[in-house]
Amino acid sequence: LDAPLFADVGGDAAVSFEFFPPKNEAAEASMWEAVKTLEPLGPRFASVTYGAGGTTRDRTHGTVARIAAETGIPAAAHLTCVEAARDDVLAVADGFWQAGVRRIVALRGDPPVLGQQFQPHPQGFRGAAELVEALAKLHPFDISVAAYPEQHPESPDLAADLDNLKRKLDAGATRALCQFFFSPEVFFRFRDAAAAAGITAEIVPGILPVSNFAQTRKFATACGTGIPPWMARLFDGLDDHPAARQLIAATIAAELCRKLYAGGVRAFHFYTLNRAELSYAICHLLGLRPKAAAQAAAA
Ligand code: FAD
Numbered sequence: 015l016d017a018p019l020f021a022d023v024g025g026d027a028a029v030s031f032e033f034f035p036p037k038n039e040a041a042e043a044s045m046w047e048a049v050k051t052l053e054p055l056g057p058r059f060a061s062v063t064y065g066a067g068g069t070t071r072d073r074t075h076g077t078v079a080r081i082a083a084e085t086g087i088p089a090a091a092h093l094t095c096v097e098a099a100r101d102d103v104l105a106v107a108d109g110f111w112q113a114g115v116r117r118i119v120a121l122r123g124d125p126p127v128l129g130q131q132f133q134p135h136p137q138g139f140r141g142a143a144e145l146v147e148a149l150a151k152l153h154p155f156d157i158s159v160a161a162y163p164e165q166h167p168e169s170p171d172l173a174a175d176l177d178n179l180k181r182k183l184d185a186g187a188t189r190a191l192c193q194f195f196f197s198p199e200v201f202f203r204f205r206d207a208a209a210a211a212g213i214t215a216e217i218v219p220g221i222l223p224v225s226n227f228a229q230t231r232k233f234a235t236a237c238g239t240g241i242p243p244w245m246a247r248l249f250d251g252l253d254d255h256p257a258a259r260q261l262i263a264a265t266i267a268a269e270l271c272r273k274l275y276a277g278g279v280r281a282f283h284f285y286t287l288n289r290a291e292l293s294y295a296i297c298h299l300l301g302l303r304p305k306a307a308a309q310a311a312a313a
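Heads up, the sequence shown is in UniProt numbering, so the first residue is 15 and it goes up one at a time.
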């Protein structure tokens, strides 16, 4: 009621897309198709996740290097430092730089056993802030870090979490990419709290278009994201209706982005899960159009 239905979107949003390194050839082909579908939208960057402890080290490198070499999208590599010595982590980062990757999403990563407390590796970084500091000295990377609108599960309170975020930004990161969430108010409260804590860097909402509700509920529990009761109700009874599920997923994510946009947000990070359709549709609603078509129309 309070914001016009997509009438005010101006195609001025900066978007980024997150992928995970595919496990086999079929998955690689389908991920690549998603990258190619999203490329014409002119994303600010496409990022590739990195398994904590280096479990996807080679696959992340291969995927991000291919994006850097074969697309016009600036490539960003995620990098975690849990369960690894500093030198090894920095060697991986240097490998990214040598492959033409200029952006890093710098993370601590989770301990290998769910719920286990984080213990730094004896020669390792004690958290993402230390990793950012070392990366900034290694090469002039553009560095993003993680932020948690609903607070990181290990953090005693929001103030401590914001202190940690500020340390990461002060150490050399340019922006914060948020964990996914489902209520715009959650993001606006966090943005206000960050501003009150003296954080001036860009805070980018993380958008997860949900097509598999059961899986999302599991992810959300592990990372402290609240699932609003209305969302469970919307997916109820759709187990055998994949097309309807997709439409519901698009509607929820579109409505979230519309409200964020109305609240002044102009950058969005999409968790694509290696699929293009939902992210593409939401970007379209936000007014983004393929760059080549726009350039041809202007010419
Ligand atoms: P940190 O910023 O180091 O903080 C972790 C926790 O420790 C926070 O609660 C913080 O407040 C607390 N803390 C840190 N330092 C101190 C201190 N000195 N004193 C007190 N408390 C402190 N995981 C992967 O494995 N691979 C990925 O590719 C990946 N990509 C991600 C992308 C995004 C956008 C996001 C939001 C998360 C991603 N994650 C990924 C998950 C991330 O690794 C986990 O959430 C992890 O538990 C925390 O990582 P961090 O970088 O936020 O850690």
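Each residue gets a CB set at the ideal place from its N, CA and C atoms; glycine is no exception.
Quiz item: Is it true that the CB of F204 sits closer than 8 Å to the CB of P170?
Solution: no
Quiz item: Cβ of Q190 within 8 Å of Cβ of V159?
Solution: The sequence shown places Ala at residue 190, not Gln. Going by C-beta atoms, A190 is nearer than 8 Å to V159.
Quiz item: So the alpha helix (DSSP H) Y294 belongs to, where does it begin and stop?
Solution: 291 to 299
Self-check item: Span of the beta strand (DSSP E), counted from its first residue to its last, around S61
Solution: 59 to 62
Exercise. Confirm the yes/no value for this check: CB of T94, any heavy atom of the ligand FAD, distance under 7 Å.
Key: yes
Practice problem: Output the distance between the C-alpha atoms of V127 and H166, rounded to the nearest integer angstrom. | Solution: 17 Å
Quiz item: Should Q193 be flagged as near chain C, meaning a C-beta pair shorter than 8 Å?
Solution: Judged by its chain identifiers, the structure shown contains no chain C, having just a single protein chain.
Quiz item: Rounded to whole angstroms, how far is the Cβ of A120 from the Cβ of A187, which I believe are closer than 8 Å?
Solution: 7 Å
Self-check item: Boundaries of the beta strand (DSSP E) in which H75 is found, first to last residue
Solution: Counting along the chain, H75 falls outside any beta strand (DSSP E), though it belongs to the alpha helix (DSSP H) covering 71 to 84.
Quiz item: Do V106 and the ligand FAD come close, with the Cβ less than 7 Å from some heavy atom?
Solution: no
Exercise. Going by DSSP, name the residue or residues bridged to A161.
Key: C192
Quiz prompt | Whether Y275 touches E32 by CB criterion (8 Å) | solution = no
Self-check item: Any non-hydrogen atom of the ligand FAD closer than 7 Å to T214 Cβ
Solution: no
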